[in-house]
Amino acid sequence: MTTPKGPQLAVLPTSAEKDARQGAQVLQPSGWPMPKGYANGMAAEGRIVVTGGVIGWDADERLADGFVAQVHQALSNIAAILNEAGAHPEHLVRLTWYVVDMDEYLANLKELGRIYRAVFGAHYPAMALVQVVRLVEKAARVEIEATAVIPR
Numbered sequence: 000m001t002t003p004k005g006p007q008l009a010v011l012p013t014s015a016e017k018d019a020r021q022g023a024q025v026l027q028p029s030g031w032p033m034p035k036g037y038a039n040g041m042a043a044e045g046r047i048v049v050t051g052g053v054i055g056w057d058a059d060e061r062l063a064d065g066f067v068a069q070v071h072q073a074l075s076n077i078a079a080i081l082n083e084a085g086a087h088p089e090h091l092v093r094l095t096w097y098v099v100d101m102d103e104y105l106a107n108l109k110e111l112g113r114i115y116r117a118v119f120g121a122h123y124p125a126m127a128l129v130q131v132v133r134l135v136e137k138a139a140r141v142e143i144e145a146t147a148v149i150p151r
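Note that numbering that gives the first Met the number 0 has the sequence shown beginning at 0, numbered continuously upward.
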């Protein structure tokens, strides 16, 4: 693996042993700037765990109040789904976020980063962010799909 230019994130593998244990490798082309809060790509081998679109409601299907609270609940729900499969946040290789208001997302980046790290730590998989007209649950502000790979 080549060492990328610029500051390194903690998620970059430092040895073959770490790659084998986590089952995921951050793909960072040489010379590209380091992304902030996500990876350009991931490679992994193992058992694939895929969630559906997860929204910010609790077990009683009550949506959290507001965008940031819904993100926190959605991420916590994803962590619970991963746990059911024996997966952990470091096994995440991709997240796709669907938001109904991009400006709402951008206005809350600092708080979202704090919440993300509280739930998943400093592991940043490949991510995509898409603004949509609305979600199936009319009051939902965010929906997140996750893909994880549990190493063999």
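All C-beta atoms in this analysis are idealised placements derived from N, C-alpha and C, irrespective of residue type, glycine included.
Being a predicted model, the structure only gives us computed values, none of them experimental.
Taking Cβ positions only, does Leu128 come closer than 8 Å to chain B?
You won't find chain B in this structure, because it holds only one protein chain.
Cβ-Cβ distance between Ala38 and Tyr123 below 8 Å
Indexing the sequence shown from 1 puts residue 38 at position 39. Indexing the sequence shown from 1 puts residue 123 at position 124. Yes, the Cβ-Cβ distance between Ala38 and Tyr123 is below 8 Å.
Distance CB(Val92)-CB(Val141) smaller than 8 Å
In the sequence shown, the residue the question calls residue 92 occupies position 93. In the sequence shown, the residue the question calls residue 141 occupies position 142. Against a cut-off of 8 Å, the Cβ pair of Val141 and Val92 comes out as no contact.
Identify whether Ala139 lies in helix, strand or coil by the three-state DSSP scheme.
Taking the first residue of the sequence shown as 1, we reach residue 139 at position 140. In the structure shown, Ala139 sits in coil (DSSP, three-state: anything other than H, G, I, E or B).
What is the DSSP secondary structure of Glu110, reduced to helix, strand or coil?
Translated into positions along the sequence shown, residue 110 becomes position 111. Helix, per DSSP.
Cβ-based burial, Ala139 [other Cβ within 10 Å; buried from 16]
Position 140 of the sequence shown, counted from the first residue, corresponds to residue 139. By the neighbour-count rule (16 or more Cβ atoms within 10 Å), Ala139 is buried.
Anticipated Cβ contact below 8 Å, Arg125 with Met41, distance rounded:
In the sequence shown, the residue the question calls residue 125 occupies position 126. In the sequence shown, the residue the question calls residue 41 occupies position 42. It is worth fixing the name first, because residue 125 is Ala in this sequence and not Arg. That belief holds up - the Cβ atoms of Ala125 and Met41 are roughly 5 Å apart, short of 8 Å.
Nearest residue (CA-CA) to Ser75, options Leu134, Phe66, Asp57, Ala84
On the sequence shown, position 76 is the one that residue 75 refers to. The shortest C-alpha separation from Ser75 is found at Asp57.
Per DSSP, what kind of secondary structure is Val67 in: helix, strand or coil?
Residue numbering aside, residue 67 sits at position 68 when the sequence shown is read from its first letter. It is helical.
For Val92, the first and last residue of its enclosing beta strand (DSSP E):
Mapped onto the sequence shown, residue 92 falls at position 93. Taken as a continuous stretch (DSSP letters only), the beta strand (DSSP E) holding Val92 covers 91-98.
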